[in-house]
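J.:
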Amino acid sequence: MIIKSELAELSLQHLIKEYYYFSKKMDATVKYVPVIDDCCYDFVFFKECNSVLTYGEKQSILPIPFKVFTIHDLSPPYTLKFEVSLTFFTIKVQPWANAHFFSYLDTSGIIDLSLEKAGILAVREQLFNDVPIRDMCTIASDFVKEQSLILSSSALFVKDVCEYIYSVKGMTSVNLLSEKYNKTRQYLNRIFKQEVLYSLKKFIITVRIMDLVKFKIKNKHISMTELCYTYDYFDQSHFNRDFKKVCGVTPMQFFNDLPEFLFRH
1 MIIKSELAEL SLQHLIKEYY YFSKKMDATV KYVPVIDDCC YDFVFFKECN SVLTYGEKQS
61 ILPIPFKVFT IHDLSPPYTL KFEVSLTFFT IKVQPWANAH FFSYLDTSGI IDLSLEKAGI
121 LAVREQLFND VPIRDMCTIA SDFVKEQSLI LSSSALFVKD VCEYIYSVKG MTSVNLLSEK
181 YNKTRQYLNR IFKQEVLYSL KKFIITVRIM DLVKFKIKNK HISMTELCYT YDYFDQSHFN
241 RDFKKVCGVT PMQFFNDLPE FLFRH
């Protein structure tokens with residue numbers, strides 16, 4: 001198994017969160033790959049094009065026949081199931097740049113990006129032409145530079161909001177943000193959804209739970225009670241509800257069945 005993530009060059013970091021490479025052959029211990037939605041859209045380049053995505057509480061199934069795609073407006077939990085091997089490269093955009101790249105999406109599901117982005121299949125061919133990961137990142141950067149690189153004023157404001165939420169690990173609220181930025185809740189909710197394509201409340205919860213998950217993985221022996229207190233959850237049922245909204249399952253189910261790796265949508 002190979003997992004690599006790299007930051008984009010400095011001039012693109014206002015748009016791109018990271019480049020991510022994943023390669024895994026099927027074995028007896030790994031039957032699927034869990035996917036956690038971090039509210040950042042991706043350009044996903046698939047090598048094999050023979051995987052299946054399951055999603056939602058009823059675990060609905062969608063085949064992924066596309067070479068380049070993104071996922072839009074589906075519900076957790078997500079899992080990727082594959083045949084013999086799974087190899088992909090993603091360009092993960094910053095949350096405040098979601099609409100900058102993907103504002104045209106109007107249907108839920110797995111979206112074939114080759115229909116929307118001219119030349120993107122040629123980029124895929126370059127990525128999987130047996131080149132080192134560093135060169136893959138250069139190819140990806142060249143593709144991004146062909147897009148519009150200037151964020152709107154509203155996206156820049158939302159960027160500031162997102163960065164603050166990250167800095168406090170999601171331990172805030174819409175009310176507190178309204179006070180901090182001297183904006184009405186209605187304005188914040190509207191402009192945030194416009195740029196991030198997720199609600200402000202959803203983003204806050206996601207940042208908080210994802211940071212909590214990473215903290216728990218690094219601190220295996222911490223109790224659930226202490227974990228909750230660390231992230232300002234003083235009501236177990238509140239914590240369970242938020243966790244299930246992000247991961248699709250309860251904390252106990254998630255951590256008891258934790259695979260050897262986690263990978264983000």
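Position one of the sequence shown corresponds to residue 1 (UniProt numbering), numbered consecutively onward. Beta carbons are placed, not taken as given, at the ideal position from N, Cα and C, and that holds for glycine. Please read these numbers as outputs of a predicted model, since none were measured by experiment.
(1) Expressed to the nearest angstrom, what Euclidean distance is found between the alpha-carbon atoms of N129 and Y41?
(2) Which residue spans inside the stretch 45 to 80 form an unbroken alpha helix (DSSP H) run of at least 4?
(3) Could you tell me the alpha carbon to alpha carbon distance between P52 and Q94, rounded to whole angstroms?
(4) With which residues is F43 paired in a DSSP beta bridge?
(5) Would you kindly work out how many angstroms separate the C-alpha atoms of L10 and I16, rounded to a whole number?
(6) Taking only three categories from DSSP, how would you classify V35?
(7) Nearest-angstrom Cα distance between Y181 and R190?
(8) Whole angstroms is fine: what's the gap from residue 341's alpha carbon to K218's?
(9) What does the alpha-carbon distance come out to for the pair T184 and F101?
(10) Measuring alpha carbon to alpha carbon, tell me which residue in R241, L12 and I204 is nearest L151.
(11) Alpha carbons only, please: which of C247, L113 and I61 is nearest the one belonging to I209?
(12) Below 8 Å CB to CB, which residues in the same chain sit around F69 once its five sequence neighbours on both sides are set aside?
(13) Taking only the alpha-carbon atoms, compute the straight-line gap between S173 and Y166 and give it to the nearest angstrom.
(14) Going along the chain, which unbroken runs of the alpha helix (DSSP H) with 4 or more residues stay wholly within the stretch 98 to 139?
(15) Helix or strand or just coil, what does DSSP make of residue 311?
(16) Quick check: P65 and V35, are their CB atoms within less than 9 Å of each other?
(17) Return the chain-ordered list of same chain residues with a C-beta closer than 8 Å to the C-beta of E18, the five sequence neighbours on each side being excluded.
(18) By the three-class DSSP mapping on this structure, what secondary structure does F234 have?
(19) Taking 7 Å as the limit between beta carbons, can you name the residues of its chain near C137, skipping five residues before and five after?
(20) Drop a sphere of 10 angstroms on the beta-carbon of A99, count the other beta-carbons inside from all chains shown, and report buried for 16 or more, exposed for fewer.
(21) Does the Cβ-Cβ distance between I71 and D37 come in under 9 Å?
(22) So, V158 versus L177, is the Cβ gap smaller than 9 Å?
(23) So, is E57 buried or exposed, given that buried needs 16 or more other C-beta atoms within 10 angstroms?
T.: A quick look at the data gives this:
(1) Going by the C-alpha atoms only, they are around 25 Å apart.
(2) Listed in chain order, nothing qualifies, since the stretch 45 to 80 has no complete alpha helix (DSSP H) run of 4 or more residues.
(3) Per the sequence presented here, residue 52 reads as Val, with Pro not at that position. Put simply, the backbone Cα of V52 is about 26 Å away from that of Q94.
(4) In the DSSP output, where bridge partners are listed per residue, F43 has I91.
(5) Answer to the nearest angstrom: the Cα atoms are 10 Å apart.
(6) Correct three-state label for V35: strand.
(7) Y181 and R190 have their C-alpha atoms some 14 Å from each other.
(8) Residue numbering for the chain in the displayed model covers 1 to 265; residue 341 lies beyond these limits and cannot be assessed.
(9) Near 27 Å, if we compare the C-alpha coordinates of F101 and T184.
(10) Measuring C-alpha to C-alpha distances from L151 to each of R241, L12 and I204 identifies L12 as the nearest.
(11) When each option's Cα is compared against that of I209, the closest is C247.
(12) Excluding its 5 nearest sequence neighbours in each direction, F69 has C-beta neighbours in its own chain below 8 Å: V44, F46, I110, I111, D112 and L113, listed in chain order.
(13) So the two alpha carbons sit approximately 12 Å from each other.
(14) For the alpha helix (DSSP H) assignment, the uninterrupted runs of no fewer than 4 residues enclosed by the stretch 98 to 139 are, from N- to C-terminal side, 98 to 102 and 120 to 127.
(15) In the structure as shown, the chain starts at 1 and stops at 265, and residue 311 therefore has no counterpart that could be examined.
(16) No, they are not a contact pair.
(17) Only S5, E6, L7, A8 and K92 meet the Cβ criterion.
(18) Secondary structure of F234 (DSSP, three-state): coil.
(19) For C137, the CB contacts under 7 Å within the same chain, skipping 5 residues up- and downstream, are E6 and Y19 in chain order.
(20) Residue environment for A99: buried (at least 16 other C-beta atoms within 10 angstroms of its C-beta).
(21) Yes; because the gap between Cβ atoms is below 9 Å, this pair is in contact.
(22) Taking the C-beta atoms as reference points, L177 is found no nearer than 9 Å to V158.
(23) Exposed: under 16 other Cβ atoms inside 10 Å.
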